[in-house]
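Novice:
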Amino acid sequence: MAGTETDLNPQEQVAAANKAFEQEFERFVRFTAETAPTGLSLAEATADERALAELRTRHTGKKSALAATKKLIGRVEADQRAAFGQLVQSTEAGIVAKLDAAEASLKALIEAHRTARESIDVTLPGRRPRYGHRHPITLMRERIEDIFVSLGYVIEDGREIETDFYNFAALNIPDNHPARGTQDTFYTTDGFALRSQTSTVQIHAMQRRGVPVRMIAPGRVFRRDTPDPTHNPMFYQVEGLCVDRGITMAHLKGTVGEFLRRMFGADTVTRFRPSYFPFTEPSAEFDFSCFKCKGSGCRICKNSGWIELGGSGMVHPNVLRTVGVDPEEYSGFAFGLGIDRMVGLMYNLDDIRLLFENDVRFLEQFE
Ligand SMILES: [Zn+2]
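FYI, this note's numbering numbers position 38 of the sequence shown as 99, with every residue one higher than the one before it.
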């Protein structure tokens with residue numbers, strides 16, 4: 062075709078360029094009509110738009126037959142030059158006008174498709190958002206907090222990564238105590254410990270608030286433990302501390318007893334057994350009468366009628382001295398219990414790991 066073009070005179074070359082355009086443009090003519098065609102899918106319309114853009118480049122671009130005719134303007138006879146120039150110009154204007162009309166029509170079509178896709182049908186019923194709810198451990202923690210707040214306690218929050226001082230030394234845990242070993246405690250590479258009990262908060266609270274103080278500190282603690290149905294390397298504890306003048310073991314028994322009665326019922330009986338903890342002296346573990354069988358024996362209490370719950374005792378004089386409190390003037394008690402364990406008891410869970418597996422089917426049951 063290029064060979065034949067050179068045989069044509071300039072006017073014929075313009076006509077040929079125009080004719081070639083008209084042939085290819087034929088499939089787009091319908092888009093230049095007064096009413097644009099409908100029934101085209103978005104994909105079809107976008108494909109046509111792309112094809113039209115290519116067609117524009119082919120017929121009006123620098124390498125097009127039309128562009129070649131512009132170079133002939135200087136070569137036609139001087140008396141015909143103006144007329145030829147006008148012919149080239151009007152031909153090009155005609156081509157561009159048709160391309161523009163088809164393009165505008167296609168763009169409108171595509172826009173209409175997109176708007177339809179994004180528009181909202183206000184007559185459809187709305188999607189109801191799924192409301193979450195609190196985790197069973199949070200629910201239990203809040204129940205415990207409510208009881209102690211009503212007894213005049215404040216709630217303290219503590220850090221989960223501690224120095225040796227707060228996690229051990231200040232709690233009267235000697236250097237050779239097994240709890241310091243890496244088999245029991247998680248350490249960071251910088252030698253910090255993930256707190257292995259919430260008792261660390263006692264120290265912070267007394268340093269910050271001084272005494273007298275009445276506080277509870279619920280929170281996560283960490284111990285190297287292989288997970289099984291009753292153990293987890295991360296679990297929740299509540300620490301309680303009361304320091305004032307004249308505080309005795311009787312106050313401890315009264316407070317823990319009141320808490321357990323409010324938690325498990327007015328007829329709940331509390332029992333203290335001598336024990337040992339480095340940060341209390343004397344120390345006691347406490348049990349309460351089974352809330353299920355009321356002491357006659359069942360699966361929950363393993364037929365003993367009693368449920369073991371936590372540790373307690375009178376704050377060790379060394380702990381008081383560490384925070385600058387004179388043990389001759391002040392005394393206090395402390396206690397700690399496991400929140401996860403209480404949740405497990407209350408809901409009769411066979412496996413406390415269920416609490417941390419984030420299975421919504423399980424968690425949904427607690428509201
Ligand atoms: Zn029982």
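Glycine is no exception: its CB is placed at the ideal position from the N, C-alpha and C atoms. None of these values were measured; they are calculated from a predicted model.
Quick one: Cα of residue 331 to Cα of residue 380, how far?
Specialist: In the sequence shown, counting from the first residue as 1, residue 331 sits at position 270. In the sequence shown, counting from the first residue as 1, residue 380 sits at position 319. Whole-angstrom Cα-Cα distance: 27 Å.
Novice: What number of angstroms, rounded off, separates the C-alpha of residue 385 from the C-alpha of residue 333?
Specialist: Against the sequence shown, residue 385 aligns to sequence position 324. Against the sequence shown, residue 333 aligns to sequence position 272. Each residue's alpha carbon lies about 30 Å from the other.
Novice: My output table needs one value for residue 225: the three-state DSSP class, helix, strand or coil.
Specialist: Along the sequence shown, one-based indexing puts residue 225 at 164. In the structure shown, residue 225 sits in a helix (DSSP, three-state: H, G or I).
Novice: Leaving out five residues before and five after residue 359 in sequence, what residues of the same chain have Cβ atoms less than 8 Å from its Cβ?
Specialist: Reading the sequence shown from its first residue, position 298 is the one you call residue 359. Within the same chain, residue 359 has close Cβ partners 351 and 353.
Novice: For residue 294, name the three-state secondary structure that DSSP assigns.
Specialist: Position 233 of the sequence shown, counting from 1, holds the residue named residue 294. In the structure shown, residue 294 sits in coil (DSSP, three-state: anything other than H, G, I, E or B).
Novice: If I follow the unbroken beta strand (DSSP E) through residue 345, where does it start and stop?
Specialist: Here residue 345 refers to the residue found at position 284 of the sequence shown. Taken as a continuous stretch (DSSP letters only), the beta strand (DSSP E) holding residue 345 covers 341-350.
Novice: With a CB to CB cut of under 7 Å and the five nearest residues on each side skipped, what residues in its chain are close to residue 403?
Specialist: Here residue 403 is taken as the residue at index 342 of the sequence shown, counted from 1. Answer for residue 403: 201, listed in chain order.
Novice: Mapping the DSSP letters down to three states, classify residue 411 as helix, strand or coil.
Specialist: Residue numbering aside, residue 411 sits at position 350 when the sequence shown is read from its first letter. In the structure shown, residue 411 sits in coil (DSSP, three-state: anything other than H, G, I, E or B).
Novice: Touch check for the stretch 164-182 and the stretch 397-414: three-plus C-beta pairs under 8 Å?
Specialist: Contact fails: fewer than three Cβ-Cβ distances are below 8 Å.
Novice: Have a look at residue 245 and residue 286 and give me their C-alpha separation to the nearest angstrom.
Specialist: Position 184 of the sequence shown, counted from the first residue, corresponds to residue 245. Position 225 of the sequence shown, counted from the first residue, corresponds to residue 286. Approximately 7 Å, taken between the alpha carbons.
Novice: Regarding residue 405 and ligand 1, is the C-beta to nearest heavy atom distance less than 7 Å?
Specialist: Reading the sequence shown from its first residue, position 344 is the one you call residue 405. Outside the cutoff, so no.
Novice: From which residue to which residue does the beta strand (DSSP E) around residue 373 run?
Specialist: Walking along the sequence shown from the start, residue 373 turns up at place 312. 367-376 is the span of the beta strand (DSSP E), which, as asked, contains residue 373.
Novice: In whole angstroms, give me the CA-to-CA distance for residue 266 and residue 186.
Specialist: The residue given as residue 266 occupies position 205 in the sequence shown. The residue given as residue 186 occupies position 125 in the sequence shown. Each residue's Cα considered, the two are about 53 Å apart.
Novice: Exposed or buried, what is residue 181 when buried is set at 16 or more other beta-carbons lying within 10 Å of its beta-carbon?
Specialist: For the purposes of this step, residue 181 is identified with residue 120 of the sequence shown, where counting begins at 1. That one is exposed.
Novice: Shortest alpha-carbon distance to residue 233 belongs to which of 422, 136 and 382?
Specialist: The residue given as residue 233 occupies position 172 in the sequence shown. It is 382.
Novice: So, with DSSP's three-state summary, where would you put residue 313?
Specialist: Within the sequence shown, residue 313 is the residue found at index 252, counting from 1. Residue state, collapsed to three classes: helix.
Novice: Contact check, residue 291 vs residue 397 under 8 Å by CB: the rounded distance?
Specialist: Stepping through the sequence shown from its first residue, residue 291 is reached at position 230. Stepping through the sequence shown from its first residue, residue 397 is reached at position 336. No, residue 291 and residue 397 are not in contact; Cβ-Cβ is about 17 Å, not under 8 Å.
Novice: Assign residue 120 to buried or exposed, taking buried as 16 or more other Cβ atoms, counted over all protein chains shown, within 10 Å of its Cβ.
Specialist: Translated into the one-based positions of the sequence shown, residue 120 becomes position 59. Buried, since its Cβ has 16 or more Cβ neighbours within 10 Å.
Novice: Please classify residue 426 as buried or exposed, where buried requires at least 16 neighbouring CB atoms within 10 angstroms.
Specialist: Translated into positions along the sequence shown, residue 426 becomes position 365. That one is exposed.
Novice: Since residue 391 contacts residue 304 with CB under 8 Å, what's their CB separation in whole angstroms?
Specialist: Start at 1 with the first residue of the sequence shown, and residue 391 comes out as number 330. Start at 1 with the first residue of the sequence shown, and residue 304 comes out as number 243. Between residue 304 and residue 391 the Cβ distance is about 6 Å, and since that is below 8 Å, they are a contact.
Novice: Taking Cβ to Cβ, would you say residue 213 is nearer than 8 Å to residue 270?
Specialist: One-based indexing of the sequence shown puts residue 213 at position 152. One-based indexing of the sequence shown puts residue 270 at position 209. Taking 8 Å as the Cβ cut-off, residue 213 and residue 270 do not qualify as a contacting pair.
Novice: CA-CA distance, residue 416 and residue 198?
Specialist: By 1-based counting over the sequence shown, the position of residue 416 is 355. By 1-based counting over the sequence shown, the position of residue 198 is 137. Taking the straight line joining both Cα atoms gives about 8 Å.
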